[in-house]
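When you line the sequence shown up against the numbering used here, it's residues 42 to 219, in that order.
Here's the structure we're looking at; comments come further down.
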Amino acid sequence: MREAVERLWPELEWIQDPKLREQVAQTWVRAFERSPLEPDDLNQIPFTLLVPNCPATFMEHKRCVVHIARRAAESMREFLGKALAIDLDTVIAGAILADVGKLLEYEKVEDEARQSDRGKALRHPFTGVALAMECGVPDAVCHIIAAHAAEGDLVKRSTEAYIVHHADFMSYLPFKNL
Ligand SMILES: [Fe+2]
C-alpha cells in the first residue's frame with residue numbers, strides 16, 4: 042500500500058521534513074486501509090459528487106491543487122515574504138491531505154462511487170483531520186484540512202490555509218459552469 046501511495050503522490054517528495062513526509066504518507070495508507078476504494082480507483086472516479094458527470098478524476102484535480110498551491114506559495118514568498126511568513130512544507134502537506142477524508146466519504150455501489158452514510162454525517166474535512174491526527178500530523182497542517190472547504194469559512198484561516206483553499210476552489214468552481 043505504501044508503494045501505491047507513493048505512485049499516486051510523487052509530490053510527497055516535495056516535503057522537505059522527512060518526519061512530516063512520513064506522517065502524510067501514513068495518513069493516506071491508513072485512509073486506504075479503511076476505505077472501500079483502491080488506489081487505482083482515484084484515477085477513475087470523479088473528484089466531486091457535486092458536479093454531475095464531472096469530467097476530471099480525483100487524482101487529476103488533487104494533484105493540480107497541490108501544484109497550484111506550491112507555486113502560489115512560492116510567488117507569495119518571493120514578493121510578500123518580508124511581510125508574510127509562509128511555510129512551504131505546511132502548504133504542500135496540507136494540499137496533499139486536504140481531501141484524504143474523502144476515502145471515508147464514498148462507498149462503491151455497482152462500481153459507482155457515491156456518498157456513504159458516514160460521508161453524510163461527517164464530510165471529509167472532519168474525517169481527514171481524524172485520520173491525520175492519528176498519524177501525528179501537526180496542528181498547522183490539520184488546520185488546512187479542517188478549513189480548506191466551505192466549513193472553513195467560519196474559521197480564521199492561516200496564510201497557508203488560504204493558499205490551499207483558493208487553489209482548491211479555483212480548480213473546482215469552474216466545473217460548476219459546465
Ligand atoms: Fe475537499
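Note that beta-carbon positions come from the ideal geometry of N, C-alpha and C, so glycine has one too.
Query: A154 Cβ short of 7 Å to ligand 3 heavy atom set; Result: Ligands in the displayed structure: ligand 1; ligand 3 is not one of them.
Query: E52 to K103 span [Cα, whole Å]; Result: 11 Å
Query: 8 Å Cβ cutoff met for D130 and L61; Result: yes
Query: beta-carbon H108 near ligand 1 non-hydrogen atom, thresh 7 Å; Result: no
Query: Nearest to G142 (by Cα), restricted to the options R48, E44, C183; Result: C183
Query: Boundaries of the alpha helix (DSSP H) in which Q64 is found, first to last residue; Result: 59-74
Query: Heavy atoms of ligand 1 versus C-beta positions, residues under 7 Å; Result: A139, D140, K143, H165, P166, H189, A190, D209
Query: Contact check, V107 vs I127, beta carbons under 8 Å; Result: no
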